């Protein structure tokens, strides 16, 4: 069961997820979207970029925008330490880096371990949350990283993709 599959009854997904933490919460994304995990290095800042876009790095000749998810999700002032990493993602035909506090592990979730995301209302955009996965005492907030990174409020990613 190495790839993420759709359930017949909806969009809840099952498969392998890369688990990472942002603040006190643990999140999971489809492992197949991840190309590598790198230690954090300060990116080159881009003028007029949204605050959550920390800048860009040169990754083996590819210019990669770096998004700090703690800023994107309003989780307070980020601190960068030895555990801070950048998850390099393949989104469509683009490469994007995502800064997270730390990476935990790769977890396989079955359909039974995944519950639909709760309806929170219009106060918060939760379109990118596809479900909640439970493993023993842990709960992972499962994120549709494609939907999140290509959403209109991400701006730079969409613009960069169109410019290519």
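Numbering (the numbering used here), first residue to last: 312 to 475. For every residue, glycine included, the Cβ atom is placed at its ideal position computed from N, Cα and C. Fair warning: this is a prediction, and the values are worked out from it, not measured in the lab.
Under DSSP, the beta strand (DSSP E) around residue i begins and ends at which residues?
i, result
"residue 402", "396-402"
"residue 348", "345-350"
"residue 368", "364-370"
Under a three-way DSSP split, which group does residue i fall into?
i, result
"residue 473", "Its pLDDT being 41, under 50, residue 473 is placed unreliably by the model, and nothing is read from it."
"residue 413", "strand"
"residue 433", "Only weak support exists for where residue 433 lies, its pLDDT of 48 falling under 50; the coordinates are left without a value."
"residue 356", "coil"
"residue 463", "helix"
"residue 392", "coil"
"residue 448", "coil"
Quick check: is any heavy atom of the ligand ADP less than 7 Å from the C-beta of residue i?
i, result
"residue 325", "Absence of the ligand ADP is noted for the structure shown, with no ligands found whatsoever."
Is the beta carbon of residue j closer than 8 Å to that of residue i?
i, j, result
"residue 380", "residue 407", "no"
"residue 443", "residue 384", "no"
"residue 366", "residue 373", "no"
"residue 415", "residue 439", "no"
So, for residue i: in the same chain, excluding its five sequence neighbours on each side, which residues have a beta-carbon less than 6 Å away from its beta-carbon?
i, result
"residue 338", "331, 452, 454"
"residue 394", "413"
Output needed for residue i: all residues of its chain with C-beta closer than 7 Å, excluding positions within five of it in sequence on either side, in chain order.
i, result
"residue 445", "424"
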